[in-house]
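Asker: In the UniProt record's numbering, the protein residues as written are 1 to 179. Below is the structure I would like to discuss, written out as structure tokens.
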């Protein structure tokens with residue numbers, strides 16, 4: 001496995017969907033090749049996420065985030081991948097196999113930092129976000145592994161927030177806890 005946070009291959013099967021990992025000994029060889037592709041897909045995905053947050057009528061970003069389903073995420077990721085044109089993929093493989101002849105291809109229309117910043121600033125509560133926020137969002141640690149203790153704590157915190165978040169008369173909705 002390439003990262004300790006990756007589950008075993010047996011845990012990566014769900015119906016007709018199966019995920020696999022490349023052997024660790026090829027990671028350093030393939031890593032430079034896939035960075036451009038992954039960056040393009042991630043930025044395209046984040047653009048779809050931001051548009052969803054902007055287009056929903058909910059009062060809070062927290063409520064909008066709760067509306068997102070796994071199906072939404074998979075579809076956004078699939079669309080982002082499909083928007084990566086074949087010639088861009090071929091060009092990226094050239095880094096791995098320079099002796100092969102590949103036709104030159106223009107990079108897909110990139111999602112620019114300014115475009116993402118404009119979208120972020122349209123999200124309620126993020127009107128004053130700057131480029132530093134985008135950099136932090138782009139480099140967020142996605143390999144953090146949560147222990148069972150961490151997960152139980154987050155669930156208990158969520159449950160406690162739901163139970164203890166209303167007043168004695170029951171007029172207010174429970175306070176949400178983002179985990």
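Every residue, glycine too, gets a C-beta built ideally from N, C-alpha and C.
Bridge partners of residue 13, per DSSP?
Answerer: 18
Asker: Take residue 123 and list the residues in its own chain whose beta-carbon comes closer than 7 Å to its own, dropping the five residues that flank it on each side.
Answerer: 50, 53, 54, 61
Asker: Is residue 71 helix, strand or coil by DSSP?
Answerer: helix
Asker: Please classify residue 165: is it buried, with 16 or more other beta-carbons within 10 angstroms of its beta-carbon, or exposed?
Answerer: Summary for residue 165: the model assigns pLDDT 48, below 50, so the residue's position carries little reliability, and this model does not support an answer.
Asker: To the nearest angstrom, how far is the alpha carbon of residue 64 from that of residue 75?
Answerer: 17 Å
Asker: Nearest-angstrom Cα distance between residue 44 and residue 56?
Answerer: 19 Å
Asker: Are the beta-carbon atoms belonging to residue 80 and residue 41 less than 7 Å from one another?
Answerer: yes
Asker: Go ahead and label residue 155 buried or exposed: buried means 16 or more other beta carbons lie within 10 angstroms of its beta carbon, across all protein chains shown.
Answerer: exposed
Asker: Consider the C-beta atom of residue 77 and the heavy atoms of the ligand ADP; say whether any pair is separated by less than 6 Å.
Answerer: Only the bare structure without any ligand can be found here, which leaves the ligand ADP out of the picture.
Asker: Among 69, 68, 150, 37, which residue has its Cα nearest to the Cα of residue 86?
Answerer: 37
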